[in-house]
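**Student:**
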Amino acid sequence: MKKKVGGYRAQQRNHARGGQVVVTILESLPKQSLLGSELSSLLQGHLFSHLSSVHDRLAQREPVPLMTPEEELLDRASHYTDDSVKIVRIDKTSEPLGATVRNEGDAVVIARVVRGGAAERSGLLHEGDEILEVNGVEMRGRSVNEVCDILAGMQGTLTFLVIPCAVVREERNYHRQNAPPVVHMRALFDYDPEEDLYIPCRELGISFSKGDILHIRSQEDPNWWQAFREGEEDHALAGLIPSKSFQEQREALKQSLVGEERSLGEKGHLKSSTLLCAKKSSKKKKRKMYNPSQSEDEPEEILTYEEVALYFPRANRKRPVVLIGPPNIGRHELRQMLMEREADRFSAAVPHTSRPRKDSEVDGQDYHFISRLQFEQDILSRKFVEHGEFEKQYYGTSLEAIRQVVNMGKICILNLHPQSLKILKNSDLKPYVVFMAPPNLDILKRNRQKQRLPVKDEELRDLIERAREMESKYGQYLDLTLVNVDLERTYAQLLNEINLLEREPQWVPASWVDK
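The opening residue of the sequence shown carries number 11 in this note's numbering; numbering runs sequentially from there.
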């Protein structure tokens, strides 16, 4: 009752003050003015009196309270017709959220959840969920790029309105608990996500170089794998890399387009080329060394990834060390230094030959002497890593000769043509391949001058170019590259790597671990 009386008295006071204001206005109006007469009539009328009274009553009422953010969110969620709309909150740092999206009509749907990201750790967002809003920003009708830009600019607690995918939670839990183990791959090509037009989210892509070890956490997506680079396993968020099949498809398409352009470009020269070829002598030149397992007509292999596993050194099973590189780069000198300075550790494989034995030679020590017929049969049986013909006699290095050195508990040092690497890799010998590369032109020229060897810039440039081509063509077989600036320094570097090879585990082709 007191509250009502108080309210009534306050209303009377307000009304009295309002009346005083009206009197003041009326007294200030000109006496004979038409406008003043009309205003005076309005202010003293019943309508204005009632309006003033209503205003005073409304002023006494309590203000209508505003909705809380939570109530506003629930109100917006209720406007969507789907009954399964849920609210999801995820804390996001400056790092990407760890999810990619795709468009299904106007809808924005989660395409994948990346391992280790905030989205996966929350367990609240799943592939196939539709995102309706993020922090009050509607997503329907927006493109993938627009959504990515919006999310990239948000930090702190993100509030999602989501329509869950129809996949049941039990099925998700099953897939999570039965996830395949991590697969380890060696990259056989260079990759930069910034240059990839097809990657679903550049921020989630990781770059890598040929030879890098990648740990694949998820291969569920047929086109994009989730992976970590070696040494970055502690990073929370996995990155996206093209899958093996997707990369092979892209490279095959690229090669076919290049082949078509090349054939079109050469079409006008076919006739003249044929005439020139017809003038060539039919006499074949003999090559000193070659690998019978390779064919020049063999289609170019598309290199993507190679599965690898950790191999732990075995004291009684030393890995052969293979030195490859362009001619006159120092391979032969380096091999000789190793065998002379540490004869108890290093040895060369005894080669085979079909030539007759000299009186001073010992079979099995200088050469393995076999008949020409036996040599040809061994060639057909692929027993040689490499072989050739010189002065009508066969010479070659066999897998068995390398194996004999390994069985002696020594490290077999080999100087081979790079074409030999494929057959050696497919054996049970587990070779460690070292590529000896030349330094730059100035250093190469200076080294030749010190050795009092002929120095011609054109020949040295050709040497550098041949090394570059060799490294590019056979890079998938290489374990180590040494730039031969100084032979003594290169020797020390190689010896250090071989010492590590005998103590520390190495990533090798996964098939080797079972051999």
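Backbone N, C-alpha and C fix where the C-beta goes; we use that ideal spot for every residue, glycine too.
Pick from Leu84, Phe58 and Lys440: whose alpha carbon is nearest that of Leu320?
**Tutor:** Counted from its first residue, the sequence shown places residue 320 at position 310. For Leu320, the nearest C-alpha among the options comes from Lys440.
**Student:** Relative to the alpha-carbon of Asp496, which residue among Leu52, Leu454 and Ala197 has its alpha-carbon at the smallest distance?
**Tutor:** Within the sequence shown, numbered from 1, the residue matching residue 496 stands at position 486. Of Leu52, Leu454 and Ala197, the residue nearest in Cα terms is Leu454.
**Student:** With distances taken Cα to Cα, identify the nearest neighbour of Leu424 among Pro519, Phe356, Met195 and Lys102.
**Tutor:** For the purposes of this step, residue 424 is taken as residue 414 along the sequence shown, with counting starting at 1. If we check each option's Cα against that of Leu424, Phe356 comes out closest.
**Student:** Would you kindly work out how many angstroms separate the C-alpha atoms of Gly374 and Lys460, rounded to a whole number?
**Tutor:** The count along the sequence shown starts at 1 and reaches residue 374 at position 364. The count along the sequence shown starts at 1 and reaches residue 460 at position 450. Rounded to whole angstroms, Gly374 to Lys460 spans 38 angstroms at the Cα level.
**Student:** Assuming Leu128 and Gly151 form a contact by the criterion Cβ under 8 angstroms, report the distance between their Cβ atoms to the nearest whole angstrom.
**Tutor:** Within the sequence shown, residue 128 is the residue found at index 118, counting from 1. Within the sequence shown, residue 151 is the residue found at index 141, counting from 1. The sequence given here places Ala at residue 128; Leu does not occur at that position. The Cβ separation is near 25 angstroms, so there is no contact.
**Student:** Tell me the DSSP bridge mates of Leu492?
**Tutor:** In the sequence shown, counting from the first residue as 1, residue 492 sits at position 482. Paired residues: Met446.
**Student:** Along the beta strand (DSSP E) that carries Ser153, what are the first and last residues, could you check?
**Tutor:** As a first step, residue 153 must be located in the sequence shown, where it is residue number 143. Premise fails: Ser153 is in no beta strand (DSSP E) and is neither H nor E.
**Student:** Do the region 328 to 342 and the region 214 to 221 meet, that is, are 3 or more Cβ pairs less than 8 angstroms apart?
**Tutor:** In the pairwise beta carbon analysis, the region 328 to 342 is classified as not touching the region 214 to 221: fewer than three pairs are separated by under 8 angstroms.
**Student:** With DSSP run on the structure shown, which of helix, strand or coil describes Gly133?
**Tutor:** Position 123 of the sequence shown, counting from 1, holds the residue named residue 133. DSSP places Gly133 in coil when its eight states are reduced to three.
**Student:** Rounding to the nearest angstrom, what Cα-Cα distance links Lys296 and Asn417 in this structure?
**Tutor:** Position 286 of the sequence shown holds residue 296. Position 407 of the sequence shown holds residue 417. Residue confidence for Lys296 is low, a pLDDT of 42 falling below 50, so the modelled location carries little weight; the figure read from the coordinates is stated next. C-alpha separation (whole angstroms): 34 angstroms.
**Student:** Buried or exposed: Lys298, going by 16 or more other Cβ atoms within 10 Å of its Cβ?
**Tutor:** Position 288 of the sequence shown, counted from the start, is the residue given in the question as residue 298. Residue placement at Lys298 is poorly supported in this model, since its pLDDT is 47, which falls under 50; the coordinates are not used for a value here.
**Student:** I'd like the list of long-range same chain contacts for Glu204, defined as Cβ closer than 7 angstroms, with 5 residues on each side in sequence excluded.
**Tutor:** In the sequence shown, counting from the first residue as 1, residue 204 sits at position 194. Cβ neighbours of Glu204 beyond the five flanking positions: Arg212.
**Student:** Which same chain residues, not among the five before or five after Leu431, have their C-beta less than 8 angstroms away from its C-beta?
**Tutor:** Your numbering for residue 431 matches position 421 in the sequence shown. Excluding positions up to five away in sequence, the list reads Val332, Ile334, Pro441, Val443, Tyr484 and Tyr487.
**Student:** Among the residues of its own chain, which have a CB less than 7 angstroms from the CB of Asn326, if the five just before and after it don't count?
**Tutor:** Residue 326 sits at position 316 when you count from the first residue of the sequence shown. Correct list, in chain order: Gly419.
**Student:** With 16 as the cutoff for other CB atoms within 10 Å, does Arg478 come out buried or exposed?
**Tutor:** Stepping through the sequence shown from its first residue, residue 478 is reached at position 468. Arg478 is exposed by the Cβ-count criterion.
**Student:** Here's a check: name, in chain order, each residue in its chain whose Cβ is nearer than 6 angstroms to the Cβ of Val98, leaving out the five neighbours to either side.
**Tutor:** For this step, residue 98 is matched to residue 88 along the sequence shown. For Val98, where only same-chain residues beyond five positions count, the Cβ hits under 6 angstroms are Leu134, Phe170 and Val172.
**Student:** If you compare alpha carbons, which of Thr34, Phe256 and Gly340 is closest to Thr314?
**Tutor:** Walking along the sequence shown from the start, residue 314 turns up at place 304. Selected option, being the one with the closest Cα: Phe256.
**Student:** Counting only the same chain and skipping the five closest in sequence on each side, list residues whose C-beta sits under 7 angstroms from that of Leu247.
**Tutor:** Start at 1 with the first residue of the sequence shown, and residue 247 comes out as number 237. Correct list, in chain order: Glu105, Pro106, Gly108, Val124, Gly126 and Gly127.
**Student:** Taking the alpha carbon of Gln229 as the reference point, which residue from Glu311, Val192 and Met347 has its own alpha carbon closest?
**Tutor:** One-based indexing of the sequence shown puts residue 229 at position 219. Checked all of Glu311, Val192 and Met347; the closest Cα to Gln229 is Val192.
**Student:** Once DSSP output is grouped into helix, strand and coil, what is the label at Leu333?
**Tutor:** What you label residue 333 is simply residue 323 of the sequence shown in a count that begins at 1. DSSP places Leu333 in strand when its eight states are reduced to three.
**Student:** With distances taken Cα to Cα, identify the nearest neighbour of Glu310 among Arg122, Ser482, Arg324 and Leu505.
**Tutor:** Numbered from 1 along the sequence shown, position 300 holds the residue referred to as residue 310. Nearest C-alpha to Glu310: Ser482.
**Student:** Cβ of His362 within 9 angstroms of Cβ of Phe400?
**Tutor:** For the purposes of this step, residue 362 is identified with residue 352 of the sequence shown, where counting begins at 1. For the purposes of this step, residue 400 is identified with residue 390 of the sequence shown, where counting begins at 1. For the 9 angstroms CB-CB criterion, His362 and Phe400 do not form a contact.
**Student:** What does DSSP give as the partner residues of Arg324 in its beta bridges?
**Tutor:** Here residue 324 is taken as the residue at index 314 of the sequence shown, counted from 1. Bridge partners of Arg324: Arg327.
**Student:** The beta strand (DSSP E) with Asn425 in it runs from where to where?
**Tutor:** As a working mapping, residue 425 is identified with position 415 in the sequence shown. Taken as a continuous stretch (DSSP letters only), the beta strand (DSSP E) holding Asn425 covers Ile421 to Asn425.
**Student:** Measure the C-alpha to C-alpha separation of Gly163 and Asn113 and round it to an integer number of angstroms.
**Tutor:** Within the sequence shown, numbered from 1, the residue matching residue 163 stands at position 153. Within the sequence shown, numbered from 1, the residue matching residue 113 stands at position 103. If you take the alpha carbons of Gly163 and Asn113, they lie about 20 angstroms apart.
**Student:** Quick one: grab the DSSP three-state call for Gly8.
**Tutor:** It is not possible to answer for residue 8, since the shown part of the chain is limited to 11 through 525.
**Student:** Would you kindly work out how many angstroms separate the C-alpha atoms of Glu347 and Ala353, rounded to a whole number?
**Tutor:** Along the sequence shown, one-based indexing puts residue 347 at 337. Along the sequence shown, one-based indexing puts residue 353 at 343. In the sequence as displayed, the identity of residue 347 is Met instead of Glu. Cα to Cα, Met347 sits roughly 9 angstroms from Ala353.
**Student:** Which word fits Glu328, buried or exposed, when buried means at least 16 other C-beta atoms lie within 10 angstroms of its C-beta?
**Tutor:** The count along the sequence shown starts at 1 and reaches residue 328 at position 318. Contrary to the premise, residue 328 reads as Lys rather than Glu in this sequence. Lys328 is buried by the Cβ-count criterion.
**Student:** Following the continuous alpha helix (DSSP H) through Met347, name the residue where it begins and the one where it ends.
**Tutor:** The residue labelled residue 347 in the question sits at position 337 within the sequence shown. Here the alpha helix (DSSP H) through Met347 covers Arg341 to Arg351.
**Student:** Measure the CB-CB distance between Trp235 and Ile209 and report whether it falls below 9 angstroms.
**Tutor:** Residue 235 sits at position 225 when you count from the first residue of the sequence shown. Residue 209 sits at position 199 when you count from the first residue of the sequence shown. Going by C-beta atoms, Trp235 is not nearer than 9 angstroms to Ile209.
**Student:** With hydrogens ignored, establish whether the beta-carbon of Leu313 is closer than 8 angstroms to any heavy atom of the ligand GDP.
**Tutor:** This structure lacks the ligand GDP; in fact it carries no ligand of any kind.
**Student:** Classify Arg196: buried if its beta carbon has 16 or more other beta carbons within 10 angstroms, exposed otherwise.
**Tutor:** Counting from 1 along the sequence shown, the entry for residue 196 is found at position 186. Buried is the call here.
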